[in-house]
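In what follows, a structure is listed as structure tokens, so that the remarks can point back to it.
2 protein chains.
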Amino acid sequence: MQELAPVFRDRLLVSASAREHYGAAESWISAALPDAVVKVRSTQEVAQVLAICNRHGAPVVPFGAGSSIEGQVLAPEGGITLDLSAMDQVLRIGAEDMDCTVQCGVTRQRLNEELRDAGLFFPVDLGAHATLGGMASTRASGTTTVRYGSMRELVLGLTVVLPDGQIIRTGGRARKSASGYDLTHLFVGAEGTLGVITEVTLRLFGIPAASQTVLCSFADLDAATGCVVEALQFGLGLNRIELADDLQMQAINGYCGTDLPVGPTLWVEITGSAPAVAHDIALFQDLAQDAGAVRVELATTPDDTARLWRIRHDALYAARALRPGIKGLSTDVCVPLSQLPACIAAIKAEIAHTGLMAPLMGHVGDGNFHLVLLFDPANPAELETGMAISRKLVELALSMGGTATGEHGVGLGKKPYMQAEHGPALDLMRRLKCAVDPSGIMNPGKIFDL
Amino acid sequence: MQELAPVFRDRLLVSASAREHYGAAESWISAALPDAVVKVRSTQEVAQVLAICNRHGAPVVPFGAGSSIEGQVLAPEGGITLDLSAMDQVLRIGAEDMDCTVQCGVTRQRLNEELRDAGLFFPVDLGAHATLGGMASTRASGTTTVRYGSMRELVLGLTVVLPDGQIIRTGGRARKSASGYDLTHLFVGAEGTLGVITEVTLRLFGIPAASQTVLCSFADLDAATGCVVEALQFGLGLNRIELADDLQMQAINGYCGTDLPVGPTLWVEITGSAPAVAHDIALFQDLAQDAGAVRVELATTPDDTARLWRIRHDALYAARALRPGIKGLSTDVCVPLSQLPACIAAIKAEIAHTGLMAPLMGHVGDGNFHLVLLFDPANPAELETGMAISRKLVELALSMGGTATGEHGVGLGKKPYMQAEHGPALDLMRRLKCAVDPSGIMNPGKIFDL
Ligand SMILES: Cc1cc2nc3c(=O)[nH]c(=O)nc-3n(C[C@H](O)[C@H](O)[C@H](O)COP(=O)(O)OP(=O)(O)OC[C@H]3O[C@@H](n4cnc5c(N)ncnc54)[C@H](O)[C@@H]3O)c2cc1C
Ligand SMILES: Cc1cc2nc3c(=O)[nH]c(=O)nc-3n(C[C@H](O)[C@H](O)[C@H](O)COP(=O)(O)OP(=O)(O)OC[C@H]3O[C@@H](n4cnc5c(N)ncnc54)[C@H](O)[C@@H]3O)c2cc1C
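Those protein sequences? They're chains W and R, same order as listed.
Numbering of the first sequence is given in the working numbering, commencing with residue 1 and proceeding in unit increments.
Numbering of the second sequence is given in the working numbering, commencing with residue 1001 and proceeding in unit increments.
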């Protein structure tokens, strides 16, 4: 701290309120405060902080927008929280190459504003205000991942500050490379436990010429997911394919004042050239009818489309409104698509025994779904039930070849499941951690214990 | 060896001819023989061999089909070559999930035969007979990478035997996961230096309903690449987009008996639904005309299509026929698309001074191209010129933000360029190597020296 103060002056925060702001979780996990917060402005400054902390063995917790929900930015061992949000420059937009390089603190919203004039966009559209460095670090995804992939597929290269302050570049601007170990993917999803990402090179895409949204209601979940499997096999130009269950639809009707059928519902967006979209939409309607769709509603105007997607985006708030004052725990398993109906059915049967309210929304094209478990963490019995359901769901998903977390990451919340999910591979992760961060200063206590 | 002989009996080969077969390179690099070859049949057997070799510090060189061209399967330090080609079971095809799991020795040709009935295919279609374990290990790609990605994007999970014989699983069958470090990508592209991949889980795709091939000739390379940039920005359903230069076209006319214009030429394949293909082909023709195409030929029948792609696939043989008896060195740089015309122009200017014949073919949608440098490695002056051009090209590519190897990998041939390409990140690769393979038995001397 003595070494940091003269360098960072008023960008070193030690007040209780600052520490509380940075050490509080966007979730059911309890707060854990850092000793201080440093607001950095450049890769060089990050290197400076890390070199100092590494010398003293002081923990460093990278912080983008703090929107992660598994306690990733908490500081259970104290130390320094590194606020990267001021590193917010879009450094380069390559229109011909359809790529860009940004500083880690740029949000995806900001990036897309800057891209619009070039007719390009970056597709990972998660439900929160988040930074691209944070999104890379949690391997984030969104509603369009079914089409464009997640941060795993879309990060081409990184600038990273290693724990000892050394600066490296990984990957590059070439679309593909067979040159050496894939360091980029080592840092994507590492949740700040291996170093600090300061710059990110991303793939971009042209804005499609045409797009059409459909809302489809089904009698049961099997019918809805069956329709999704077929649409994927036909290779339709699916841009988004989102699922809500009956309770979620009820919540939406209550919250949004809509009058939609209270049954399993798909939001589907198909994009491409105008004739491709027309063809694929017609085919999708046939598939939906064959699968027993109860109602198929095509958005007819841009306003209509915006309305349907606004309803989708309000789903979390609608869910929470079922039980005002309760934030809930959002589960995040992802399973092979063929297992999705069985996985959902089994967990719903468990939930039915408990009386817990747990509306469901899913990125169903990827086999990823969230239940918002609306329990009161202050009530020990409810907490126990909620945690038991969360645990049960992860066990189910793992037994079906799935993963404990499709997109939210591990942090503290999913740490207990890592041994079951990875087995002996977890030891290899520990070995990598020790090789990259021998003093163990980077975001200690996250993903796994050493 | 004493420990291996009783276990593997006639599957342990020590004859000179066997050692020569496995220690010869598909390239200009000189042979380097192993002490013995072991033909394994299962993950357990691989684990057995590795545990024994690890105890004795004996080098192990994994061997799939041996088609790699940078000396990856040579044994410069002797030891055991591990022939994995008998591990050739397709273990599981998930039609609903559009994925499969295969043993590492399955070739892509075999896999696609097994998939055809399910209406599915695996898209990485490189120019050689290769195994999926070898393709994963070199991070291979092919003509359809512009649409579907390379092995980097298409491997979902692996079974890996670590150097000490421990068996781990990485990734899984879920389409996405934010759970822990990305071990899958650590092994994809590691060229057998970190362990042996014994099983691979792959993404599959539905065979598109329609497809159309076009051959387009241009007056100059800039016009051809300009047309590619536009087609990509319009988001056309490009499945393949391959470029040949004038010398390559001359070679093709000579070898295939065709009468195609001797100028820069694009092979384009567009796939999708029938109306999407019709729309995109029309748009592509417009773009090509605007870019100044000299001739645009649409394949009209399936035979015609097959003929055009056969010509493309024969390109390497056609190139070599320009100078019979000479295999040549195939360069492999990959640069951002915007840099491609400048990169090609600069290297062609260098080549012009030397009198070297060097026809060009490229996976131009990815910015990756190959020059076949037709020099005689037995002639010292020619060898020097050839190597100087190869080096100059890598330097050019790196200065343009590109990579020394888009798809062939590093092996021994590209090792001299790793420091220039990766800088201090190369040290991190070395640290990872030491963490995963502390005795240094796995494919020693490849990618980098320790
Ligand atoms: C309402 C809501 C909706 C959400 N919807 C989605 C969704 O649809 N999809 C999804 O994937 N997630 C979703 N999330 C979770 C969250 O938004 C993501 O995890 C996001 O990627 C976090 O980004 P951030 O900038 O807020 O990172 P932070 O929360 O600040 O940090 C996340 C992790 O990354 C590390 N980190 C941050 N920046 C860096 C850096 N530059 N270098 C190294 N490490 C760094 C941190 O130490 C921490 O471990 C949602 C969250 C909320 C609250
Ligand atoms: C005519 C020709 C055309 C080619 N065209 C292309 C092309 O279009 N695209 C392209 O990418 N490449 C191409 N190549 C190069 C080559 O085919 C690829 O590198 C291919 O991926 C090698 O596969 P393989 O099974 O032959 O592997 P091998 O040559 O046997 O091995 C390659 C490397 O991987 C390691 N390895 C092999 N199997 C395993 C395993 N199971 N676990 C761990 N390590 C393993 C080996 O030790 C070695 O380092 C071409 C080669 C030729 C000769």
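Glycine is no exception: its CB is placed at the ideal position from the N, C-alpha and C atoms.
Buried versus exposed, by CB contacts within 10 Å (16 or more), residue i
| i | result |
| --- | --- |
| D437(W) | buried |
| T1300(R) | exposed |
| Q72(W) | buried |
| H1129(R) | exposed |
| H353(W) | exposed |
| V1007(R) | exposed |
| H1313(R) | exposed |
| N1379(R) | exposed |
| L1360(R) | buried |
| V14(W) | exposed |
| Q1048(R) | buried |
| E384(W) | exposed |
| V1113(R) | It should be noted that the sequence gives Glu, not Val, for residue 1113(R). Under this definition E1113(R) is an exposed residue. |
| A1190(R) | buried |
| I207(W) | exposed |
| L1116(R) | For clarity, residue 1116(R) is Arg in the given sequence; the question names Leu instead. Flag for R1116(R) reads exposed. |
| R1152(R) | buried |
| A1140(R) | buried |
| D290(W) | exposed |
Residue i beta carbon near ligand 1 (any heavy atom closer than 7 Å)
| i | result |
| --- | --- |
| L316(W) | yes |
| P62(W) | yes |
| M361(W) | no |
| I252(W) | no |
| K415(W) | no |
| V90(W) | no |
| E1096(R) | no |
Contact test: residue i Cβ vs ligand 2 heavy atom, cutoff 7 Å
| i | result |
| --- | --- |
| I1311(R) | no |
| S1141(R) | yes |
| L322(W) | no |
| N1443(R) | yes |
| E1242(R) | no |
| Q1072(R) | yes |
CB contact below 8 Å: residue i versus chain W
| i | result |
| --- | --- |
| E1421(R) | yes |
| S1439(R) | no |
| Q1044(R) | no |
| I1168(R) | yes |
| K1176(R) | yes |
| A1210(R) | no |
| E1153(R) | yes |
| K1414(R) | yes |
Contact with chain R by residue i, beta-carbon distance below 8 Å
| i | result |
| --- | --- |
| N112(W) | no |
| R139(W) | yes |
| C104(W) | no |
| R431(W) | yes |
Residue i: CB within 7 Å of a non-hydrogen atom of ligand 3
| i | result |
| --- | --- |
| S42(W) | Questions concerning ligand 3 fall outside what the structure shown contains, since the ligands it does hold are ligand 1 and ligand 2. |
Reference residue i; option with closest CA among the options
| i | options | result |
| --- | --- | --- |
| K415(W) | E70(W), E3(W), Q48(W) | E70(W) |
| L1340(R) | T81(W), P62(W), E96(W), E45(W) | E96(W) |
| T1213(R) | G1365(R), V1364(R), E1242(R) | E1242(R) |
| A1223(R) | Q1419(R), I1052(R), L1183(R), L1287(R) | L1287(R) |
| R1175(R) | L215(W), G149(W), V60(W) | G149(W) |
| A178(W) | G1445(R), K1433(R), R1011(R), Y1417(R) | Y1417(R) |
| C104(W) | P264(W), P261(W), L316(W), L202(W) | L202(W) |
Neighbouring residues, chain C, relative to residue i (Cβ below 8 Å)
| i | result |
| --- | --- |
| Y1148(R) | In the structure shown, chain C does not exist; the protein chains are W and R. |
Quick check: the segment 13-23 of chain W against the segment 66-75 of chain W, are at least 3 beta-carbon pairs closer than 8 Å? They touch, by the three-pair rule.
Any contact between the segment 1113-1126 of chain R and the segment 1052-1061 of chain R? By contact I mean 3 or more CB pairs, one from each, below 8 Å. Taking 8 Å as the limit for Cβ pairs, the verdict is that the segment 1052-1061 of chain R does not touch the segment 1113-1126 of chain R.
Does the segment 167-182 of chain W touch the segment 1416-1427 of chain R, meaning 3 or more C-beta pairs lie closer than 8 Å? They touch, by the three-pair rule.
Quick check: the segment 148-160 of chain W against the segment 1189-1203 of chain R, are there 3 or more CB pairs under 8 Å? In short, these stretches do not touch, since the Cβ pair count stays below three.
Check whether the segment 1270-1279 of chain R and the segment 1244-1254 of chain R are in contact - that is, three or more C-beta pairs closer than 8 Å. Per the Cβ contact rule, the segment 1270-1279 of chain R is not in contact with the segment 1244-1254 of chain R (fewer than 3 Cβ pairs under 8 Å).
Should the segment 1135-1147 of chain R be regarded as contacting the segment 384-399 of chain W, the criterion being three or more beta carbon pairs within less than 8 Å? Because the criterion of three Cβ pairs below 8 Å is not met, the segment 1135-1147 of chain R and the segment 384-399 of chain W do not touch.
Taking one C-beta from the segment 1033-1053 of chain R and one from the segment 431-446 of chain W each time, how about it: are there three or more such pairs within less than 8 Å? The segment 1033-1053 of chain R is not in contact with the segment 431-446 of chain W.
Do three or more CB pairs link the segment 1394-1406 of chain R to the segment 1361-1377 of chain R at distances below 8 Å? Because the criterion of three Cβ pairs below 8 Å is met, the segment 1394-1406 of chain R and the segment 1361-1377 of chain R touch.
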